[in-house]
Amino acid sequence: MRTVTIIIPTYNRLQDLLLTLPQVVAIMDENCELIVFDQSNSYAPEEYQQQLDGILGRVNARYVHCRIPSLPLAWNTAAKLATGEIVLFLDDDIDIHDNLIDIHRQHYEEKPDIVGVAGAYYAGSENRPWIPSERNGRAVTLAGVNCSFRRQVFLDAGSVSSFIKPFAPIDWEIAEHVSDHFGRLAVGADARVFHRAPAEGGCENQAARGIDWYYGSYHNHILWALHRRYPQKLIHFPRHFYVLMKYCLPGRQLLLTKAYWTGAVIRALKDAGRTYRQDGKKRRHDTITDSDAYRIVAQYQHQSS
Numbered sequence: 001m002r003t004v005t006i007i008i009p010t011y012n013r014l015q016d017l018l019l020t021l022p023q024v025v026a027i028m029d030e031n032c033e034l035i036v037f038d039q040s041n042s043y044a045p046e047e048y049q050q051q052l053d054g055i056l057g058r059v060n061a062r063y064v065h066c067r068i069p070s071l072p073l074a075w076n077t078a079a080k081l082a083t084g085e086i087v088l089f090l091d092d093d094i095d096i097h098d099n100l101i102d103i104h105r106q107h108y109e110e111k112p113d114i115v116g117v118a119g120a121y122y123a124g125s126e127n128r129p130w131i132p133s134e135r136n137g138r139a140v141t142l143a144g145v146n147c148s149f150r151r152q153v154f155l156d157a158g159s160v161s162s163f164i165k166p167f168a169p170i171d172w173e174i175a176e177h178v179s180d181h182f183g184r185l186a187v188g189a190d191a192r193v194f195h196r197a198p199a200e201g202g203c204e205n206q207a208a209r210g211i212d213w214y215y216g217s218y219h220n221h222i223l224w225a226l227h228r229r230y231p232q233k234l235i236h237f238p239r240h241f242y243v244l245m246k247y248c249l250p251g252r253q254l255l256l257t258k259a260y261w262t263g264a265v266i267r268a269l270k271d272a273g274r275t276y277r278q279d280g281k282k283r284r285h286d287t288i289t290d291s292d293a294y295r296i297v298a299q300y301q302h303q304s305s
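According to the UniProt record's numbering, the residues represented by the sequence shown are 1 to 305, in order.
Printed below as a string of structure tokens:
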């Protein structure tokens, strides 16, 4: 049976995490491990250590606290700490109704050529899930709420560490990068979770949009476009422009303000170009190397029932 490391980044969302963890633990077996990568600035372990011990005490798990709040750095660093053949990334605010781990495993068993599985989720009606876009049998998008990769492929590809909050479009970027350079991502329409998507904590959802949200999103989209090599720069541009117009335009009231154009659009163009040059015009996928920046605060081992 393939070994799986489940990675759950979390940021200032303890109550949601405590709802999600028991559901993950319930489907874990001796060939699984769990890494919770907590980047909360309100971290206070003494307030909930007993609850965590009760939830995680019978599975292979590590609880890591990091003082650098960055989703791509959390993904990259946790994957480096992982021991499983497969790394399964889940959000801290999901509900699980099936054995999600085994469903991901089954995709690798049935399709040995794939390098990852792009899972599905729903946030409203279960009959209207978000399912990754597919082209020629490959997933061309994925959602970070529920996705998996062969660990070595993810370590080689990595997530763009220069992306800034709200970290959009971290998941779509890595789907494109992996598909272009490493192999096929399977569409995991059967690997489905419910995404509770609270308004606070995490990377901020769309309900929290303001000028800073648009600035960060544009910065990351522009950096993503700059990272592409030719001819991908030209091939992907029409679709990329469509995504920006569909998902990243504000309402008319904000769109027509000077603050939006100077504080989001022009600022993002300048800063993304500066970041690209500072990174040596390369796509960086760094991990956290400062040992003082994160530490394992609790560790648990599997116990048979």
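Each residue gets a CB set at the ideal place from its N, CA and C atoms; glycine is no exception.
What does DSSP give as the partner residue(s) for residue i in the beta ladder?
i: D93; result: Paired residue(s): none; D93 is not in a bridge.
i: T287; result: Answer is none; T287 lacks a bridge partner.
i: I35; result: I7 and R62
i: Y294; result: C66
i: F194; result: D95 and Y122
i: G57; result: Per DSSP, none; premise fails for G57.
Suppose the cutoff is 6 Å on Cβ atoms and the five residues either side in sequence are ignored; what does the same chain contact list for residue i look like?
i: D91; result: V145
i: C248; result: S217
i: N99; result: I27
i: V64; result: F37, Y294 and I296
i: R62; result: I35, I296 and Q299
i: L226; result: Y276
When the Cα atoms are used, what is the spatial distance from residue i to residue j?
i: R274; j: Q23; result: 43 Å
i: H297; j: T289; result: Correcting the residue type first, residue 297 is Val in the shown sequence and not His. Those two C-alpha atoms are separated by around 17 Å.
i: H177; j: I170; result: 11 Å
i: L52; j: R58; result: 11 Å
i: G124; j: H97; result: 15 Å
i: H236; j: Y230; result: 10 Å
i: T10; j: R105; result: 24 Å
i: I164; j: H219; result: 8 Å
i: A157; j: A268; result: 25 Å
i: I55; j: W261; result: 48 Å
i: P132; j: D190; result: 11 Å
i: P238; j: T20; result: 38 Å
i: T3; j: V140; result: 25 Å
i: residue 315; j: A175; result: No information on residue 315 is available, as it lies outside the stretch 1 to 305 that the chain covers here.
i: L254; j: Y122; result: 29 Å
Candidates the options: which alpha carbon is nearest residue i's?
i: F149; options: N76, Y43 and N136; result: N76
i: P72; options: W172, A61 and L18; result: W172
i: Q15; options: I114, R105, C32 and S40; result: S40
i: R252; options: I55, G210 and Q278; result: G210
i: M245; options: K258, A259, H221 and K233; result: H221
Using a Cβ-Cβ cut-off of 7 Å (strictly less than) and excluding sequence neighbours within five positions of residue i, which residues of its own chain qualify?
i: V87; result: T5, I7, A79, S148, F149, R151 and F154
i: R138; result: S179, R184 and L185
i: residue 310; result: Nothing can be reported for residue 310: it is not among the residues displayed for the chain, which extend from 1 to 305.
Under 8 Å Cβ to Cβ from residue i, same chain only, skipping five residues before and after it: list those, please.
i: D113; result: G183 and R184
i: S304; result: E30
i: H285; result: P72, N76, A157, G158, S159, V160 and S161
Q | Whole alpha helix (DSSP H) elements within the segment 249 to 277, 4-residue minimum | A | 252 to 255
Q | Every unbroken alpha helix (DSSP H) inside the segment 133 to 163 [4 residues or more] | A | 151 to 157
Q.
Quick check on the DSSP output: what are the complete beta strand (DSSP E) runs of length 3 or more inside the segment 70 to 133, in order along the chain?
A. 86 to 90 and 116 to 122
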